[in-house]
């Protein structure tokens, strides 16, 4: 953890912390072998958890791009499904729609690509991008609260397995937390697969 990131943690300034962590993530994403290592970790966790449907995310700069990894996973079993989030109403919960490598896409809210014309799916695993994460499995996101709202209002009695995707450079000992924050069930980085957090 850099001195500047540590100072931002001490000040409990989430805005400054996000900025420092996003810069660290951009640098980490350029490291040789980092993408391949995260892809291997994601596939390992998919093999261990055996989900039926996986929700993931359209990558922003510095984020791991899971599309090729999910395409490979889908190719081994026709019953598997993948989905990307759609923001039907800005500031509301995410809705996941089916995705495959040939799915038509459109630009949605926040200028992020979304599936066009595919059915709504209810994933039993979510790959969640992390700006940062801590040793207890808590995640720092972009501050929009989309995943918090989505998980809080999840249909049914069982919420999906939540898997943070991050870089070791963005790991902190402890993040500032809100009362509603929940730890991730697992975190995949280029160095390890952590899958021992309470659900």
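In my numbering, the protein residues as written are 1 to 199.
Even for Gly, the Cβ is constructed at its ideal location relative to N, Cα and C.
A quick note: this is a predicted structure, and the numbers were derived from the prediction, not measured.
query: In whole angstroms, what is the alpha-carbon distance linking residue 78 and residue 102?; result: 15 Å
query: Starting from residue 162, follow its DSSP beta bridges and name the residues at the other end.; result: 126
query: Taking the C-alpha atoms as reference points, what is the distance between residue 115 and residue 84?; result: 7 Å
query: Helix, strand or coil: which one does DSSP assign to residue 55?; result: strand
query: How many angstroms separate the CA atom of residue 181 from the CA atom of residue 141?; result: 11 Å
query: Decide if residue 30 is buried, meaning its Cβ has at least 16 other Cβ atoms within 10 Å, or exposed.; result: exposed
query: Which of the three DSSP states is assigned to residue 92 in this structure?; result: coil
query: If I follow the unbroken beta strand (DSSP E) through residue 188, where does it start and stop?; result: 186 to 188
query: Among 194, 99, 35, 50, which has the Cα closest to the Cα of residue 134?; result: 194
query: Provide the residue span of the alpha helix (DSSP H) that contains residue 41, from first to last.; result: 34 to 49
query: Would you tell me roughly how many angstroms separate the C-alpha atoms of residue 8 and residue 16, rounded to the nearest one?; result: Summary for residue 8: the model assigns pLDDT 49, below 50, so the residue's position carries little reliability; its value from the coordinates is reported in the next sentence. Spanning the two alpha carbons is a distance of roughly 6 Å.
query: Specify, as a first and last residue, the run of the alpha helix (DSSP H) that residue 148 falls within.; result: 146 to 152
query: Using a 10 Å radius around the Cβ and a threshold of 16 neighbouring Cβ atoms, would you call residue 188 buried or exposed?; result: buried
query: Taking residue 107 as the reference, give the member of 25, 47, 44, 58 with the closest Cα.; result: 58
query: From the DSSP output, in three-state form, read off residue 117 for me.; result: coil
query: In angstroms with no decimal places, state the Cα-to-Cα distance between residue 176 and residue 14.; result: 8 Å
query: Any idea if residue 173 is buried or exposed, counting beta-carbon neighbours within 10 angstroms, 16 or more meaning buried?; result: exposed
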